[in-house]
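**Student:** My questions will all concern the structure given below.
There are 2 protein chains.
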Amino acid sequence: MRKIDTQRFVRATRATPRAINRQIALNLVREHQPISRADLARRMDIGRGMVTALVDELLREGSVYEGAVVDAPRGRRPKMLHVRTRDRLVVAIDVRFSLTYVMLSDFDGAPIALESFDTITAPAALVAELAGRVRRLLATHGGARSAARCEGVGVVVPGMVDHRTGRVVYSPQLGWRDVELRAALAHALDLPVHVENAPIACALAQMWLGQRHDAGDFAYMTVSDGVGVGLVVNGEVVRGHGNTAGEFGHVPLNAVSGPRCLCGATGCLEAYTSNLATVSRYLGQELAPAHTRQLLHDTGLTIADVIARASDGDARARAALDETARWLGIGLAVVINTVNPARIVVGGEITAAWDHVVPIIRAAIAARALTTAAAATPIVPEPASEHPRLRGAIALVAAPVYAAPAVA
Amino acid sequence: MRKIDTQRFVRATRATPRAINRQIALNLVREHQPISRADLARRMDIGRGMVTALVDELLREGSVYEGAVVDAPRGRRPKMLHVRTRDRLVVAIDVRFSLTYVMLSDFDGAPIALESFDTITAPAALVAELAGRVRRLLATHGGARSAARCEGVGVVVPGMVDHRTGRVVYSPQLGWRDVELRAALAHALDLPVHVENAPIACALAQMWLGQRHDAGDFAYMTVSDGVGVGLVVNGEVVRGHGNTAGEFGHVPLNAVSGPRCLCGATGCLEAYTSNLATVSRYLGQELAPAHTRQLLHDTGLTIADVIARASDGDARARAALDETARWLGIGLAVVINTVNPARIVVGGEITAAWDHVVPIIRAAIAARALTTAAAATPIVPEPASEHPRLRGAIALVAAPVYAAPAVA
DNA sequence: CCCAATTTGTTCGTTGGACTAACAAACTCC
DNA sequence: GGAGTTTGTTAGTCCAACGAACAAATTGGG
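The listed protein sequences derive, respectively, from chains A and B. Just so you know, we're using this note's numbering here: the first sequence kicks off at 43 and counts up by one. Just so you know, we're using this note's numbering here: the second sequence kicks off at 43 and counts up by one.
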């Protein structure tokens, strides 16, 4: 029941059915590989003749390859189909406040090489450094493989990004405003470049590289320096009219007497549950942006330390985490009541203490969710070891290849 | 960039391009009527030959008719096309706490007849009463017109609705749980019936019957007994995994010391800005569900009275409205920060005092929005006289006729 | 060992509809 | 009244879905 936009519709041409069916076939191969042509025909409910034509096209363009002929109980033995991933390289870049990560992976997200360096905040210098590292990585790892080719570069940035143009509109952490990151990197590397902000990229990674079920309707909440959410509704990511959707971190949970937030308002979810907030609570201080940053810098204390001390039995650390968990639960209840996703994935350092915080989170959700079904919304942690942001960067490159053609 | 759902995709057939282009043509006629075939061809960027074929099909099925031949500066004079609306009837039903409205309208939302009666809360009795009234309306107004035919019935209900099955999952106001409303009405009337909850229906009305621009990305906030939001993202309405999306009324704005809400939690947006909350604030009482309902019943005071007294200069009434406006602004800022819509339409009795409350709302939004663009999100009032919920009921019937075909 | 049965994958003819170009219709202007 | 212009139709071409027949490759039974 989508409305047709009469300003920028896409008319169907003679080639449209082929484009759609080709893409469906590709997705089915991806999900059920290895799969035979005959099985594909059954799943698509079409004749085997058409599958031959569709697969021929996929073979020609190299999205798919023919694997082994396998045994069958009776009849002619089928030649299995696979999506080509191993010799298609993707460069993933994760720019963070302190460190920047560069990863080389295959098309399905399997890592090949990973390196990191201190983030350079000057855009031009950062682009130069990245270009050099990417070229070196591709030369050493790409050159060795016979036909390996780089399909593109995905960049994840903290802050607001106009995905269409690849411009970083505003990033407080990097001190950027209107930086044409895609144009600069694409020019330096002569490769397709995609730029996206962190929570949306993490959601895209779940959607395109995660479990294959139920990926059309969920939320991804990142809890680290900030708190953001990537929303996926009706199989599509929500970017918002001005690329600022998903800022659940600045929902006021206590607009009257809450702590001051970096955004200038009071009582934001982020002011209760960011790593900064948790650590400063442990130190017995209310969050006060400038003062707290200084304090943390002086003590050198991180969220990982607080979690470690809590599991060692430090009562004050436990109390600080409990309080964070309680507010996090309230924040998750807000997501549940407003967009009602099939599930919510939570990423960030707090997942290291998941067993400890999850009962508190669930209790807070139960107290606020409007129906029993909503209260039972699965909340799934994703550990930081999975490199969710780098996987998101890979998804930026992979998604356009598997996405449904835009039509009507 | 939509992901293809490998469980329930829709394969493209030989007839798919025709279905898509036919629908695009229909939408263009609807938006630019009266329009000639040649103009349609230019707008769709296809040959006039194809337009002839497409329009022939639309004419045959009766979605479109040929109107007058109009003058042109030179060349052959074009025969104009219009969408057929006048002899296609729609029944719209709005079930509210105290009154139920039944309206007969044409396909474009122009009212033909409107009546109302005291709501019957027993489902079977309500269905019987509705069926009788609808039959009578169609007999008197439909019979007179030669070929007038009823295209369907739209029903708007306060509470959660499973739109797919037409079941009312839960409605606190009516005291319903799992009522098969669509099945019952469709059986009694032998007409297609669509059921939806109020905020989503209001959003659908904006989308399909409102201004034709920018209808693919906005929010509709209803402020009356409850506070709910209908979200439209990427041209599609957001229903949520369990049909509970859009419940922004229960976002906690003050989880620590806020007023008690009907939902059981404290400090919900609804507890600050519902009509009940505003009136009880005027009476100098904090909201306390059971007690307040009784109080309002005893005094007989309504939100309309408070607004009237405020415009007469009653300082206490003004203060009560100001406070509601302030919290409403914070609530709108939550919508802006989380889904970042192109604009937000506000419906409800409060729109009668719009000139008074809008500066306060805008100030609250400005204080909380994260970017200047987001702070400038247009907030548009829709007066209750427009019957937004009945228009929503009409949209339920009209939408499937104009929607893009589901493909891929 | 050969033939029936079974399953996979290809080929070929039909058909619907997008696309193109020519043509008929209807009008204005000179 | 003919040239020019614009609208709408028609006839022919071609791409791809569709269906059916066929070739390929295997198992099992007589």
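Using N, Cα and C, we set each Cβ at its ideal position, and we do this for glycine too.
Would you verify that the beta carbon of residue 324(A) is, or is not, closer than 8 Å to some beta carbon of chain B?
**Tutor:** Chain B, which has no Cβ nearer than 8 Å to the Cβ of residue 324(A), makes this no.
**Student:** In chain order, what residues of the segment 295 to 307 of chain B put their CB closer than 9 Å to some CB of chain A?
**Tutor:** In summary, the residues of the segment 295 to 307 of chain B whose CB is separated from some CB of chain A by less than 9 Å are 295, 296, 297, 298, 299, 300, 305, 306, 307, in the order they occur in the chain.
**Student:** Is the distance from the Cβ of residue 27(B) to the Cβ of residue 313(B) below 8 Å?
**Tutor:** The requested residue 27(B) is not part of the displayed model; chain B covers only 43 to 450.
**Student:** Using a cut-off of 7 Å between C-beta atoms, extract the partners of residue 289(A) located in chain B.
**Tutor:** Residues of chain B with a Cβ closer than 7 Å to the Cβ of residue 289(A) are, in chain order, 379, 380, 412.
**Student:** Could you tell me the alpha carbon to alpha carbon distance between residue 298(A) and residue 360(A), rounded to whole angstroms?
**Tutor:** 26 Å
**Student:** Which ranges does the beta strand (DSSP E) cover as unbroken runs of at least 3 residues, wholly within the segment 60 to 120 of chain B, from first to last along the chain?
**Tutor:** 106 to 111
**Student:** In this structure, does DSSP put residue 50(A) in helix, strand or coil?
**Tutor:** coil
**Student:** Report yes if the CB atom of residue 196(A) is closer than 8 Å to the CB atom of residue 439(A), and no otherwise.
**Tutor:** yes
**Student:** Quick one: what's got a C-beta closer than 8 Å to residue 343(B)'s C-beta in the same chain, skipping five residues either side?
**Tutor:** 321, 324, 325
**Student:** Short of 7 Å Cβ to Cβ, which residues in the segment 60 to 74 of chain B face chain A?
**Tutor:** 62, 63, 65, 66, 69, 70, 73
**Student:** In terms of residues, what are the limits of the beta strand (DSSP E) holding residue 229(A)?
**Tutor:** That residue, residue 229(A), is in no beta strand (DSSP E); its alpha helix (DSSP H) goes 223 to 231.
**Student:** Does the beta-carbon of residue 248(A) have 16 or more other beta-carbons within 10 angstroms, so that it is buried, or is it exposed?
**Tutor:** Around the beta carbon of residue 248(A), a 10 Å sphere encloses 16 or more other beta carbons of the protein chains shown; the residue is thus reported as buried.
**Student:** Chain A partners of residue 212(B), CB-CB under 8 Å?
**Tutor:** Within chain A, the C-beta atoms nearer than 8 Å to that of residue 212(B) come from 413, in chain order.
**Student:** Go to residue 304(B), then tell me how far its alpha helix (DSSP H) extends in each direction, as first and last residue.
**Tutor:** It is not in any alpha helix (DSSP H) - residue 304(B) carries neither H nor E in the DSSP assignment.
**Student:** Which same chain residues end up closer than 8 Å to residue 287(B) when comparing Cβ atoms and leaving out the 5 residues on each side of it in sequence?
**Tutor:** 273, 280, 281
**Student:** Quick check on the DSSP output: the beta strand (DSSP E) that includes residue 289(B) runs from which residue to which?
**Tutor:** Where residue 289(B) is concerned, there is no enclosing beta strand (DSSP E), given that its DSSP letter is neither H nor E.
**Student:** Are residue 293(B) and residue 305(B) closer than 8 Å when you measure CB to CB?
**Tutor:** Cβ atoms of residue 293(B) and residue 305(B): not closer than 8 Å.
**Student:** Using CA atoms only, rank isn't needed, just tell me which of 278(B), 77(B), 354(B), 411(B) is closest to residue 377(B).
**Tutor:** The candidate whose alpha carbon is nearest that of residue 377(B) is 411(B).
**Student:** Tell me, please, whether the CB atom of residue 236(B) is closer than 8 Å to any CB atom in chain A?
**Tutor:** no
**Student:** Is residue 161(B) closer than 8 Å to residue 148(B) when the C-beta atoms are compared?
**Tutor:** Pairing residue 148(B) with residue 161(B) gives a Cβ-Cβ distance that is not under 8 Å.
**Student:** Should the segment 74 to 85 of chain B be regarded as contacting the segment 43 to 51 of chain B, the criterion being three or more beta carbon pairs within less than 8 Å?
**Tutor:** no
**Student:** What does DSSP give as the partner residues of residue 204(A) in its beta bridges?
**Tutor:** 209(A)
**Student:** Quick one: give me the first and last residue of the beta strand (DSSP E) that residue 264(B) is part of.
**Tutor:** 260 to 265
**Student:** Work out the CA separation of residue 234(A) and residue 431(A) for me, nearest whole Å.
**Tutor:** 19 Å
**Student:** Who are the neighbours of residue 282(A) on chain B, taking C-beta pairs under 7 Å?
**Tutor:** 381, 382
**Student:** Run down chain B in chain order and give the residues with a C-beta less than 8 Å from the C-beta of residue 53(A).
**Tutor:** 62, 63, 66, 86, 87, 88
**Student:** Determine the chain B residues that contact residue 103(A) at a beta-carbon separation under 8 Å, and present them in chain order.
**Tutor:** In chain order: nothing, as chain B lies at least about 17 Å away.
**Student:** Are there three or more Cβ pairs, one per stretch, closer than 8 Å when the segment 373 to 390 of chain B is compared with the segment 257 to 265 of chain B?
**Tutor:** yes
**Student:** For residue 152(B), which three-state DSSP category applies?
**Tutor:** coil
**Student:** Check the Cβ of residue 276(A) against every Cβ in chain B and list those closer than 8 Å, keeping chain order.
**Tutor:** 44, 275, 276, 278, 280
**Student:** What number of angstroms, rounded off, separates the C-alpha of residue 188(A) from the C-alpha of residue 213(A)?
**Tutor:** With a pLDDT of 45 at residue 188(A), under the threshold of 50, the modelled position of this residue cannot be trusted; read the value that follows with caution. Near 40 Å, if we compare the C-alpha coordinates of residue 213(A) and residue 188(A).
**Student:** Apart from the five residues on each side of it in sequence, which residues of its chain come closer than 6 Å, Cβ to Cβ, to residue 434(A)?
**Tutor:** When the five nearest sequence neighbours on each side are left out, the beta carbons in the same chain lying within less than 6 Å of the beta carbon of residue 434(A) are those of 198, 243, 244, 246, 247, in order along the chain.
**Student:** Would you please verify whether the beta carbon of residue 188(B) is less than 8 Å from any beta carbon of chain A?
**Tutor:** Since pLDDT at residue 188(B) reaches only 45, below the 50 mark, its modelled position is unreliable, and no value is offered.
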